[in-house]
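Chains as they are written, first to last, in the working numbering: chain A, 6 to 439; chain B, 6 to 439.
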């Protein structure tokens, strides 16, 4: 990997997400060599991916160059690569671009979409965990409409403008709300020759309420907001398969649709090479102690979505979202320096600042530890929290400007098919240049 | 194509570039049915493509949804397709998505990169005529740097950070200047483990001055600006081949480089089916009279880059740039209504408002019909003209904000490899997701 040898201990961090970047910031100008690896050259602000998918924001507004984060940091190295395996015996990692030894290894690889082993669903549905995936969804939605305009086959037309989102967590709820607003404010005007009333947005949730990690009050408020926007919510329905045309479920219910967006589950993005008993099977997370040390290792750590730290309050690990990742990453940055200096490490204590979800303009739900509220004020809180969490002044300013514009004009100008998502069944756009 | 039949005459416009959109605006709510076809669902502001390629602007900032332009226009239809052939005998066009008859046909397909028949150059070099192509250049530049960091082979490293731009017209000059600014302000800081002084930017021009369509004063000023920024200009050098590694020229001069950006020529993007003698061979433009009527036809028109209208002042047709396209498109919109109403059409008279090119911060050249100037003031003129030429308030605002930020911070935050450009010789990034 062409990383110079140094007398300083080498910390290798795999992943530049919330946890990896929070940790890197703590290690700024410390007496360590830090090598940060990521398969993208940018940090992604995942909570706003659904706005990229629905044309409200440009991809660049929620991405930030990782090299810019570490520009002023001494002894920091970034390498663009994915990591294939950890060789714990020889204390090295094996990546696409070569091998690298470590003194301390930090796994901050985050999570990926969980299809629960169903290959048909994986092949035929859309995921929304990365920027390229979100841009694919954006292209597909618009390509569907362009195709719907052309066809005279009623069943095909209906299937093309029937959007099914599986999973009633924050991602699914926010995407359903944004699609519903697109329908009303944009698609109706952009496609006057289509009967937009026929466009369906179906949100399928396996449990008996959406946003089931939030308070019941927030769940109910979110449901009402979605229904008001024209989203159909299906509760206690479990999707059993999707062959690219038809969704089957655990009941008689079926959906004929060209577009399934799968937000029904996530699992850890595990790197091979760790002892089997350090893994939590079902969700593929890595067991860590209160110091984020991986079970069975002293020099390997895991933080963020990938890490499952059992505590009394969170017996199955912390929720897989930004806050625990940011807090774990920052603390590990401090702790690893303490470990190097033979000082006592500080056990992790999660400070739950609450959670929130937005459904549409003036419509959000917020759960604070002691207080739950929804509506216009919740929506403003949601906006400001997200705006200030973005890295970089310019991203903040551009996102703010877009939001103000979109709010005033009821518009989303990012409805651009820059890279067509090649649908096998629709060859018209696949032969286009690059 | 599922376009309803109507008693109104049907005008089919192929292409939503400057000419096509200018014409569409003139036809707003006239008593005609208009069908606008384009292979993208957005209008591209081509003069700023080089800023997308160098990470200064996001793609969405210079693209505008075509459906939004025509949202309020009666009897307007947009279809996303490329057109394969014109059947002039049966008055219909044959497109990927089906056939469509026309009463009047307007060819506004613009231009494409001209490789002068050299297939090696076409295969191995990068073009910059569309947004996807510009994003490919952006990705490739950054992928080259990521790869250069890894390699210990000096020749390979030098080849990866040697950028050759062929063609000293406005596109080549602006791109060379932007790359030179990236080198100084960003790449030096982002890649501390590379010797950025070794990064070369070579601009090859076959003639004896760059910007040869502008005044000699502006050519000289631009040359000085580029040289000050560290660009090496090669004049009177003609590239004979590029095999993906080495550029050969008509002299002994060779260049070892992984990246060639070809801006050396354009040619009309001709649609098949017109009489052979209506074409200007070498540049593949379509001969039109002063009313933009294609030679030999009364009901077929061509406007913009694709059209070659011989006049006393422009014996080889107007320059292939935005101004003639905008003016021809707008006039044809008026004229075609006159033709339908049996009124006398107005012959086209080109109003040359001048031309300009920017080289870098505070560095631009402007040729007005009677006055040529360069430097800071020219740069401000360039910025404001381009800003106000963009379609849409939000694009104007976002581009302005980006420019202010980039100017103050000497930065370009769009250095993101969203879609890796798969280099055959560099497999590390090709297996990545979507």
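We put the beta carbon where it would ideally sit given N, CA and C, even for glycine.
Handout entry: Cutoff 9 Å: residue 479 (chain A) Cβ touching any chain B Cβ
Key = Residue 479 (chain A) lies beyond the stretch modelled for chain A, which goes from 6 to 439, so this question has no answer here.
Exercise for the section: Using a Cβ cut-off of 7 Å, pull out every chain B residue sitting near residue 194 (chain A), in sequence order please. Expected result: 76
Handout entry: Residue span of the beta strand (DSSP E) that contains residue 233 (chain B), given as start and end
Key = No beta strand (DSSP E) holds residue 233 (chain B); the alpha helix (DSSP H) holding it covers 221-234.
Handout entry: Proximal residues to residue 142 (chain A) (C-beta, below 7 Å), its chain only, five neighbours per side dropped
Key = 58, 131, 133, 266
Problem - Through-space distance from residue 107 (chain A) to residue 16 (chain A), alpha-carbon basis - result: 6 Å
Practice task
Just mark residue 346 (chain A) as buried or exposed, buried being the case when its beta carbon has 16 or more other beta carbons within 10 Å.
Solution key: exposed
Handout entry: Local conformation of residue 434 (chain A) per DSSP, three classes
Key = Low local confidence applies: a pLDDT of 34 at residue 434 (chain A) is under 50, so the model's placement there is unreliable, with the coordinate-based value given in what follows. Residue 434 (chain A): helix per DSSP, three-state reduction.
Exercise for the section: Check whether the Cβ atoms of residue 63 (chain B) and residue 66 (chain A) lie closer than 9 Å to each other. Expected result: yes
Practice task
Could you work out which residues of chain B lie near residue 200 (chain A), taking near to mean beta carbons separated by less than 7 Å?
Solution key: Going along chain B, no residue has its Cβ under 7 Å from residue 200 (chain A), so there is no contact; the nearest lies around 13 Å.
Practice task
Could you pull out every residue in the same chain whose Cβ sits closer than 8 Å to the Cβ of residue 178 (chain A), ignoring the five residues on either side in sequence?
Solution key: 208, 215, 216, 227, 231, 362, 364
Practice task
Please list the residues of the stretch 56-76 of chain B that have a C-beta atom closer than 8 Å to any C-beta atom in chain A, keeping them in chain order.
Solution key: 63, 64, 65, 66, 68, 69, 70, 72, 73, 76
Exercise for the section: Would you please state the rounded distance, in angstroms, between the beta carbons of residue 113 (chain A) and residue 308 (chain A)? I believe it to be under 8 Å. Expected result: 5 Å
Exercise for the section: May I have a chain-ordered list of the beta strand (DSSP E) segments no shorter than 3 residues that lie completely inside the stretch 248-299 of chain B? Expected result: 251-254, 259-261, 264-267, 271-273, 290-293
Practice task
Could you run through the stretch 269-303 of chain A and flag, in chain order, every residue whose CB is less than 8 Å away from some CB of chain B?
Solution key: none
Problem - Below-9 Å beta-carbon distance, residue 403 (chain A) vs any chain B residue - result: yes
Practice task
Determine the direct distance from the alpha carbon of residue 116 (chain B) to that of residue 325 (chain B), and round the result to whole angstroms.
Solution key: 8 Å
Practice task
Return the chain-ordered list of same chain residues with a C-beta closer than 7 Å to the C-beta of residue 102 (chain B), the five sequence neighbours on each side being excluded.
Solution key: 6, 84, 86
Practice task
Could you name the residues of the same chain whose beta carbon sits closer than 6 Å to that of residue 91 (chain A), not counting the 5 residues immediately before and after it, in chain order?
Solution key: 98, 276, 278
Practice task
With distances taken Cα to Cα, identify the nearest neighbour of residue 289 (chain A) among A:118, A:190, A:394.
Solution key: A:118
Practice task
Check whether the Cβ of residue 140 (chain A) lies closer than 9 Å to any Cβ atom in chain B.
Solution key: yes
Problem - Residue burial classification, residue 77 (chain B) (beta-carbon count within 10 angstroms, cutoff 16) - result: exposed
Handout entry: residue 25 (chain A) to residue 199 (chain A) span [Cα, whole Å]
Key = 46 Å
Exercise for the section: Assign residue 85 (chain A) to one of three DSSP states: helix, strand, or coil. Expected result: strand
Exercise for the section: Within the stretch 361-431 of chain A, note down every full beta strand (DSSP E) run reaching 3 residues or more, in order along the chain. Expected result: 368-372, 377-379
Problem - Classification of residue 376 (chain A) by the beta-carbon crowding that lies within 10 angstroms, buried from 16 upward - result: exposed
Problem - chain B contact for residue 47 (chain A) (CB, 9 Å cutoff) - result: yes
Exercise for the section: Starting from residue 121 (chain B), trace the beta strand (DSSP E) both ways and give me its first and last residue. Expected result: Counting along the chain, residue 121 (chain B) falls outside any beta strand (DSSP E), and DSSP gives it neither H nor E.
Handout entry: Where residue 214 (chain A) meets chain B, residues with beta-carbon distance less than 9 Å
Key = Result: empty, since nearest Cβ-Cβ is about 32 Å, beyond 9 Å.
Practice task
Please state whether DSSP places residue 439 (chain A) in a helix, a strand or coil.
Solution key: At residue 439 (chain A) the pLDDT is 31, less than 50, meaning the model places this residue with poor confidence; the figure from the coordinates comes in the next sentence. Residue state, collapsed to three classes: coil.
Practice task
Check the C-beta distance from residue 264 (chain B) over to residue 168 (chain B) and give it rounded, since I have them as a contact under 8 Å.
Solution key: 5 Å
Problem - Contact under 9 Å by Cβ, residue 44 (chain A) with residue 418 (chain B) - result: no
Exercise for the section: Leaving aside the five residues before and after residue 315 (chain B) along the sequence, list all residues of the same chain whose C-beta is less than 8 Å from its C-beta, in chain order. Expected result: 292, 321, 322
Problem - the stretch 189-196 of chain A contacting the stretch 236-253 of chain A, beta-carbon criterion three pairs below 8 Å - result: no
Exercise for the section: Could you name the residues of chain A that residue 7 (chain B) contacts, counting a contact when the two beta carbons are closer than 9 Å? Expected result: 154, 155, 156, 157, 198
Exercise for the section: Mark residue 122 (chain B) as exposed unless 16 or more other C-beta atoms lie within 10 angstroms of its C-beta, in which case mark it buried. Expected result: exposed
Handout entry: Host alpha helix (DSSP H) of residue 165 (chain A) (start-end)
Key = 159-165
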